[in-house]
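Heads up: the sequence shown is residues 1 to 432, going by the numbering used here.
Here a beta-carbon is modelled for each residue, glycine too, at the ideal position from N, C-alpha and C.
Only a predicted model underlies this, so the values are computations on that prediction, with no experimental measurement involved.
Here is the structure we will look at.
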Amino acid sequence: MRRIGSRGLVCGTVGLGYVGLPLAVEKAKAGFRTIGFDVQGDKVDRVNRGENYIGDVVQEDLARLVEEGALDATTDFSRVAECDFVAICVPTPLDDHQMPDTSYMEASAREIAPHLKPGCMVVLESTTYPGTTEELILPILEKGSGMKCGEGFYLGFSPERVDPGNLVYKTKNTPKVVGAVGADALECIAAVYEAVLEGGVTRVSSPAVAEMEKILENTYRNINIGLVNELAMLCDRMGINVWEVIDAAKTKPYGFTAFYPGPGLGGHCIPLDPYYLSWKAREYGFHTSMIEASMTVNDSMPEWVASRAARILNEAGKAMNGAKVLVLGVAYKQDIDDYRESPALRVVERLERRGTLVSYFDPWIPRYQYKGTVKESVPELSAEAIAAADLVLVTCAHTNIDYAFVQKHAKAVLDTKNAMKDVLPRENIEVL
């Protein structure tokens, strides 16, 4: 605890992506000597050049920290031996069968275990199912290090809370939750986060509680988004504008939180976390029926959007086979360059299955790769590019697109994000 207060610890971060790099930067800014670990040499080289590649990191901060020697990166995991605190921030995707893929977490634990020094703190930040830290990571660390958890090293779980593109809440000022194996581990790990972050730290009784609370955060959103997506489909049949309904409902000052429909769910957490919980629940003979129902609705949205597009084209006398569709925005949320699990990619896939000729424009993502296929954005959202499309399909509400210009030149528009709500006239615009 004295060394935490005097900034005498060396901190390590495994995984230099959307979670790991901002966390490493904040540790270094707080005065802790910090080492970033990653298996991708390109990321390591860019960090060591002071070259930022994550939107939530300030370029000047990274460059300064690297120049001062407060932060460096490496692919050499033997340098874990220098660290007193190691955070594991690696991806936790689903496999092809919608089952948890824990391989990145397991590989990271195996890499660091032989190099842990006595007294080191290890914290898993990757979102995962309840029980992972103690059932999966703890045995790997004990076997690889030859030390016992709670005696030779401390172990905890502190779920990442990263919202790319959020202009208010960043790594620095977002509250943290920490659960650990034992009271001493809890106090020491929490003290490190309190020395680095400003949002405050909530201590919980175990890693499993911290793991479950993270799943609750994202499952709560998944279920509510599933509700409004289902209502959007009903409102479409009833000829009611669901966006107007939500705007009216959110005037109630209590008991209602606004969620919005869309072409599906994207990002690194919300589309995945409920599957982790449902998978783990089956171990206990429990079926998460409400969660699974919302997942079914949300997973069906790309197909439903493709069907809406087909209806609009049909009403204009156009067959889908051979029709030209211009998709606006393939990021999973507005004003970021992240397309992980983006529903726009699944919408494109379903349109192309029906013979549609799909192009896209995204000022944040000039090219993307999906299921082995690479697509490049049209270079400019010109009047000619818009007018050439039989349908313009808005799948991400980037704020740096001139939607009035789009409306002026488009034959027809399907706006799945209500990005054009203030655009007039609206004769050629349909909303989700």
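Exposed unless 16 or more other CB atoms sit within 10 angstroms - verdict on residue i
{"i": "His398", "result": "buried"}
{"i": "Leu21", "result": "buried"}
{"i": "Met212", "result": "buried"}
{"i": "Thr356", "result": "buried"}
{"i": "Met301", "result": "buried"}
{"i": "Tyr284", "result": "exposed"}
{"i": "Pro366", "result": "exposed"}
{"i": "Phe286", "result": "exposed"}
{"i": "Leu424", "result": "exposed"}
{"i": "Pro379", "result": "exposed"}
{"i": "Asn173", "result": "exposed"}
{"i": "Ser145", "result": "buried"}
{"i": "Thr296", "result": "exposed"}
{"i": "Glu376", "result": "exposed"}
{"i": "Ile429", "result": "buried"}
{"i": "Ala190", "result": "buried"}
{"i": "Glu160", "result": "buried"}
{"i": "Ala383", "result": "exposed"}
{"i": "Met420", "result": "buried"}
{"i": "Val176", "result": "According to the sequence provided, residue 176 is Lys. The question's Val does not apply to it. Classification of Lys176: buried, given that the 10 Å Cβ count is 16 or more."}
{"i": "Gly433", "result": "Outside the displayed range of the chain (1 to 432) lies residue 433, so it cannot be described from this structure."}
{"i": "Asn400", "result": "exposed"}
{"i": "Met320", "result": "buried"}
{"i": "Asp338", "result": "buried"}
{"i": "Ala249", "result": "exposed"}
Residue i (DSSP reduced to helix, strand or coil)
{"i": "Gly20", "result": "helix"}
{"i": "Pro302", "result": "helix"}
{"i": "Leu94", "result": "strand"}
{"i": "Phe32", "result": "coil"}
{"i": "Ile215", "result": "helix"}
{"i": "Glu430", "result": "strand"}
{"i": "Leu65", "result": "helix"}
{"i": "Asp184", "result": "helix"}
{"i": "Asp247", "result": "helix"}
{"i": "Val413", "result": "strand"}
{"i": "Cys269", "result": "coil"}
{"i": "Cys235", "result": "helix"}
{"i": "Gly5", "result": "helix"}
{"i": "Gly131", "result": "coil"}
{"i": "Glu341", "result": "coil"}
{"i": "Ala319", "result": "coil"}
{"i": "Glu380", "result": "coil"}
{"i": "Asn166", "result": "coil"}
{"i": "Asn224", "result": "helix"}
{"i": "Leu141", "result": "helix"}
{"i": "Leu116", "result": "coil"}
{"i": "Arg354", "result": "coil"}
{"i": "Arg346", "result": "helix"}
{"i": "Val406", "result": "helix"}
Residues that DSSP places opposite residue i in a beta bridge
{"i": "Phe157", "result": "Leu124 and Gly179"}
{"i": "Tyr370", "result": "Thr373"}
{"i": "Tyr360", "result": "Val327"}
{"i": "Val201", "result": "Lys176"}
{"i": "Ala73", "result": "Gly36"}
{"i": "Pro100", "result": "Leu94"}
{"i": "Thr13", "result": "Gly36 and Ala87"}
{"i": "Leu391", "result": "Val325"}
{"i": "Cys149", "result": "Phe153"}
C-beta atoms of residue i and residue j nearer than 9 Å
{"i": "Phe433", "j": "Val122", "result": "Because the chain is modelled from 1 through 432, residue 433 falls outside the range shown and cannot be assessed."}
{"i": "His268", "j": "Glu341", "result": "yes"}
{"i": "Asp362", "j": "Gly329", "result": "yes"}
{"i": "Leu155", "j": "Thr133", "result": "yes"}
{"i": "Ser445", "j": "Gly15", "result": "The requested residue 445 does not occur in the structure, where the chain is confined to residues 1 to 432."}
{"i": "Gly150", "j": "Gly182", "result": "yes"}
{"i": "Val178", "j": "Ala210", "result": "yes"}
{"i": "Asn218", "j": "Asp299", "result": "no"}
{"i": "Thr13", "j": "Ala24", "result": "yes"}
{"i": "Pro343", "j": "Gly266", "result": "yes"}
{"i": "Ala109", "j": "Leu136", "result": "yes"}
{"i": "Ala310", "j": "Arg346", "result": "no"}
{"i": "Thr128", "j": "Pro100", "result": "yes"}
{"i": "Leu326", "j": "Tyr368", "result": "no"}
{"i": "Trp364", "j": "Ile386", "result": "no"}
{"i": "Leu197", "j": "Glu26", "result": "yes"}
{"i": "Phe37", "j": "Arg2", "result": "no"}
{"i": "Leu124", "j": "Ser103", "result": "no"}
Minimum Cβ-Cβ distance from residue i to chain D less than 9 Å
{"i": "Ala319", "result": "Annotation note: the requested chain D is absent from the structure, which comprises a single protein chain."}
Counting beta carbon pairs with one atom in the stretch 43-52 and one in the stretch 108-119, are three or more of them shorter than 8 Å? no
Touching or not, the stretch 406-415 and the stretch 379-397, by the rule of three or more beta carbon pairs under 8 Å? yes
How do the stretch 250-269 and the stretch 56-76 stand: do at least 3 beta-carbon pairs fall below 8 Å, yes or no? no
Quick check: the stretch 261-279 against the stretch 223-232, are at least 3 beta-carbon pairs closer than 8 Å? yes
For the pair the stretch 2-11 and the stretch 82-93, tell me if three or more CB-CB distances fall below 8 Å. yes
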